[in-house]
Amino acid sequence: MRTLCSSTLIGEFFVIGFAGLVAMKDDSLAMSTVWWVCGVAMVFSVLLCGMVTRPGGVQLGWALQIGLVLSGFVVPTMFFLGAVFAGLWWASVHYGRRIDDIKARWAEGQTAGASAGPDAA
22 MRTLCSSTLI GEFFVIGFAG LVAMKDDSLA MSTVWWVCGV AMVFSVLLCG MVTRPGGVQL
82 GWALQIGLVL SGFVVPTMFF LGAVFAGLWW ASVHYGRRID DIKARWAEGQ TAGASAGPDA
142 A
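Numbered per this note's numbering, the sequence shown spans residues 22 to 142.
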């Protein structure tokens, strides 16, 4: 799960940064507001990469996704991006856990095969 969720968070980091650049072109938004919203989200997404497997890491990831959707009240484009990111986060958590289970079973099989020795075949 760590690899898939961290990859999603790093992808979010870059997309949010580029979205901030695009949002700055909107004359109704102050540049400082855009960078405050985008900057906090970008920093939080990078920090979460190291916290994904710790207790509460997935829940903090959900908090980030909800925060991104809610940031749409400040930068309207973020409503759409937040919804897309929430879907990606769900997929990362769901399929990441399935991948972890498959890897654990495979490693268990490798360990069992190695402990039997070469004459076991």
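Positions of the beta carbon are idealized from the N, C-alpha and C atoms, including for glycine.
Residue i CB to nearest chain C CB: under 8 Å?
i: W83; result: Absent from the structure: chain C. Only one protein chain is present.
Quick one: what does DSSP say residue i is sitting in, helix, strand or coil?
i: S49; result: coil
i: M99; result: helix
i: M72; result: coil
i: G38; result: helix
i: G108; result: helix
i: G130; result: helix
i: G77; result: coil
How about residue i and residue j: do their beta carbons lie closer than 8 Å?
i: G117; j: L25; result: yes
i: V95; j: G103; result: no
i: W110; j: G93; result: no
i: S27; j: V73; result: yes
i: L42; j: S66; result: no
i: A40; j: T132; result: no
Stretch pair the region 38-58 + the region 66-82: three plus CB contacts closer than 8 Å: No: the two stretches stay apart, fewer than three of their Cβ pairs being nearer than 8 Å.
Three-pair Cβ contact test at 8 Å for the region 56-69 versus the region 31-38: The region 56-69 is in contact with the region 31-38.
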